[in-house]
Amino acid sequence: MGLVLVEAAKSGENFKSDLDFIYFVRNHPEIRKNLIHPEEISYKDHIKWYCKKYANSTDICIYKMIISDNNTSIGYCDIKYDRYDRTAELGFKILPNFQRQGYGSLCIPLLFDKLGVYKNNYMIFLTVFEDNVEAVRLYRRFGFSTYYRDFMVVNGEARTLLHMSLNSLSERNT
Ligand SMILES: CC(C)(COP(=O)(O)OP(=O)(O)OC[C@H]1O[C@@H](n2cnc3c(N)ncnc32)[C@H](O)[C@@H]1OP(=O)(O)O)[C@@H](O)C(=O)NCCC(=O)NCCS
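Take 0 as the starting number for the sequence shown in numbering that gives the first Met the number 0 and just add one per residue.
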């Protein structure tokens with residue numbers, strides 16, 4: 000079982016199919032329920048964001064997760080860099096049919112490779128709802144720990160949000 004990360008197109012022949020794939024995954028109801036902004040995104044807004052923001056930014060990197068044996072795209076992960084604050088925020092979205100099969104565990108080291116030198120010099124962080132227990136366990140296994148927790152009301156329900164980081168601000172190389 001192999002997984003590769005391929006950057007979602009910012010131009011060229013795969014642009015439209017990648018734009019559509021990212022939209023499909025991002026809007027999947029099972030995925031949205033674990034996101035901080037669970038609202039469905041309109042296709043029009045997605046096009047605007049993908050074309051204007053993503054395609055023109057070097058601070059947002061989206062990587063499609065592709066099973067190398069059969070070339071199937073199963074989800075995507077992303078990195079949002081803040082070069083001023085020297086932080087990088089990670090996100091993971093795997094389609095339900097492919098969850099709990101070890102792909103998240105394969106993906107994280109691949110994404111760490113993509114982070115390269117930033118991994119040591121940047122604060123690498125993510126946010127996850129505490130009740131998303133499998134995701135939390137996965138992140139802990141790869142060295143993330145909670146540095147801050149707060150609450151969010153989602154659809155009338157209070158949920159604990161964990162802010163997890165790989166290396167705390169004080170550990171960063173200066
Ligand atoms: C969170 C998420 C990225 C995890 O990815 P994943 O591919 O499901 O993760 P893994 O399969 O590597 O690990 C998850 C669990 O499945 C288990 N697992 C791995 N291979 C398995 C297999 N063949 N059969 C059954 N379980 C398996 C792992 O052991 C792990 O359980 P454990 O922590 O108790 O050991 C993915 O579920 C997802 O995209 N969820 C929806 C969006 C989301 O919640 N994103 C995170 C928001 S911050």
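Each residue gets a CB set at the ideal place from its N, CA and C atoms; glycine is no exception.
Residue L137 holds the alpha-carbon nearest to the alpha-carbon of S104 among L137, H45, P95 and E156.
No Cβ-Cβ contact shorter than 9 Å links K118 with V24.
By the Cβ criterion, the stretch 84-103 is in contact with the stretch 24-44, since at least three pairs of Cβ atoms, one from each stretch, lie closer than 8 Å. Taking 8 Å as the cut-off, one finds no heavy atom of ligand 1 near enough to the beta carbon of A7.
G142 sits away from Y102, with the two beta carbons spaced by 9 Å or more.
Residue environment analysis places F150 among the exposed positions, since fewer than 16 neighbouring C-beta atoms fall within 10 angstroms of its C-beta. Taking each of V3, K113, N131 and P37 in turn and checking the Cα distance to N154, the smallest one comes out for P37. Annotated as distal: M122 and R148, with beta-carbon spacing of 9 Å or more.
Only residues of its own chain outside the window of five on either side were considered, and among them I65 and S67 have a CB closer than 7 Å to the CB of V3, listed in chain order. By the criterion of a C-beta distance shorter than 7 Å, F20 is surrounded in its chain by K63 and S72, once the five residues flanking it on both sides are discounted. Boundaries of the beta strand (DSSP E) around V127: M122 to F128. In the three-state scheme derived from DSSP, where H, G and I count as helix and E and B as strand, D68 is classed as coil.
Around the C-beta of S164, 16 or more other C-beta atoms lie within 10 Å, and the residue is accordingly described as buried.
When DSSP states are grouped into helix, strand and coil, A54 belongs to the coil group.
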